[in-house]
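Accompanying notes for the structure given below.
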Amino acid sequence: MIEPELNSFDVPDAQQSSADAHSMNPINVIRMAKAMGGELKRILLVGCEPATLGPEGGQMGLSEPVSSAVDEAVTLVEALITKIRNGDESQ
Amino acid sequence: MNESEWRLLEDKAPTGSLTIAGVDVKPGHRVRLRPGKRGDVMDIALAGKTAVIESIEQDYEGNFHVCVVADDDPGRDIGIMRQPGHRFFFDPEEVEPLPRDEAARDTDSQTPTILIAGIGNIFLGDDAFGVEVVQRLSGRKLPARVKAVEFGIRGSIWHTRCSTVPISRFWWTRAPAVESRAAFM
């Protein structure tokens with residue numbers, strides 16, 4: 011799990027801030043939200059490194075090792091929910 | 005609208021409070037929406053919903069309009085920011101003030117709202133990790149004010165850009181047999 015520092019994201023100028031639906035990714039979304047005056051609260055990121063993104067034509071379904079990490083991520087997310095709801099900031 | 009008309013409107017400053025059905029209501033209070041019979045399709049959609057009063061406005065004639073943001077509007081944050089599309093105006097008789105205990109239920113609650121956003125592209129193999137986790141979570145019982153939703157945006161940027169994203173806290177859930185360096189949800 012990582013916690014990005016939201017203050018470090020530059021607010022794009024008007025020219026750059028146009029949304030391209032094909033290049034949306036978490037960083038662009040956070041930048042755009044900031045550019046549009048959105049208030050960013052706390053963001054925690056839970057993830058897993060991909061073993062494969064598939065061949066050029068794409069691929070549906072997770073690889074075996076990543077698939078087996080899903081349960082662990084679910085447990086982690088549920089633990090984070092409990093911590094946040096209990097007001098535990100220390101993680 | 006010309007300048008004198010604007011001035012007329014600006015002279016009518018938003019009102020701090022209003023008495024509706026014998027109850028003193030203020031911005032921040034919660035109401036149930038009871039649109040009049042001659043309403044439009046939005047009124048039909050909003051009828052019976054609970055909402056928060058964002059402001060109480062006055063028109064040229066001095067009539068009051070209660071501006072509300074619906075509780076279950078997915079864009080309610082935008083409404084609270086006074087942006088268009090998520091604020092709705094009703095006549096005072098079209099809103100029913102909620103009893104104080106019910107009205108206080110959400111606004112006074114200290115419980116944080118949590119969104120679990122499943123990020124990733126399901127056509128890109130393991131990039132679908134976040135989507136898969138959210139699907140798994142949505143089948144489980146989540147506490148109130150916690151939502152698990154799929155977000156279709158690409159997640160793999162974290163993989164390539166992680167080294168350039170300043171991070172204040174940093175540790176990993178280790179996937180079996182996968183060296184965990186990047187985040188996908």
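Quick mapping for you: the protein sequence lines, in order, are chains A and B.
The opening residue of the first sequence carries number 11 in my numbering; numbering runs sequentially from there.
The opening residue of the second sequence carries number 5 in my numbering; numbering runs sequentially from there.
From the three backbone atoms N, C-alpha and C, an ideal C-beta is built for every residue, glycine too.
- Three or more Cβ pairs drawn from the segment 72-87 of chain B and the segment 48-62 of chain B lie within less than 8 Å of each other, which places the two stretches in contact.
- For the segment 128-145 of chain B, residues whose beta-carbon sits nearer than 8 Å to a beta-carbon of chain A comprise Leu128, Gly129, Asp130, Asp131, Ala132, Phe133, Gly134, Glu136, Val137, Arg140, Leu141 and Arg144.
- Nearest in C-alpha terms to Pro147(B), of all of Pro116(B), Glu136(B) and His33(B), is Pro116(B).
- About 11 Å separates the beta carbons of Phe93(B) and Pro39(B), which is beyond the 8 Å limit, so they are not a contact pair.
- In this structure Asp131(B) touches Leu63(A) by the C-beta definition: roughly 6 Å separates them, less than 8 Å.
- In the DSSP assignment, no residue is bridged to His90(B).
- Residues Val73, His90 and Arg91 of the same chain have their beta carbon placed closer than 6 Å to that of Gly83(B), with the five preceding and five following residues left out of the count.
- Residue range Phe133 to Ser142 is occupied by the alpha helix (DSSP H) that includes Gly134(B).
- The way I'd put it, the segment 10-25 of chain B doesn't touch the segment 63-77 of chain A; fewer than three beta-carbon pairs between them come closer than 8 Å.
- It is roughly 8 Å from the alpha-carbon of Arg149(B) to the alpha-carbon of Leu119(B).
- Within chain A, no C-beta atom comes nearer than 7 Å to that of Met46(B); the closest sits roughly 24 Å away.
- Contact note: Pro116(B) reaches chain A through Ile94 and Arg95, using a C-beta cutoff of 8 Å and chain order.
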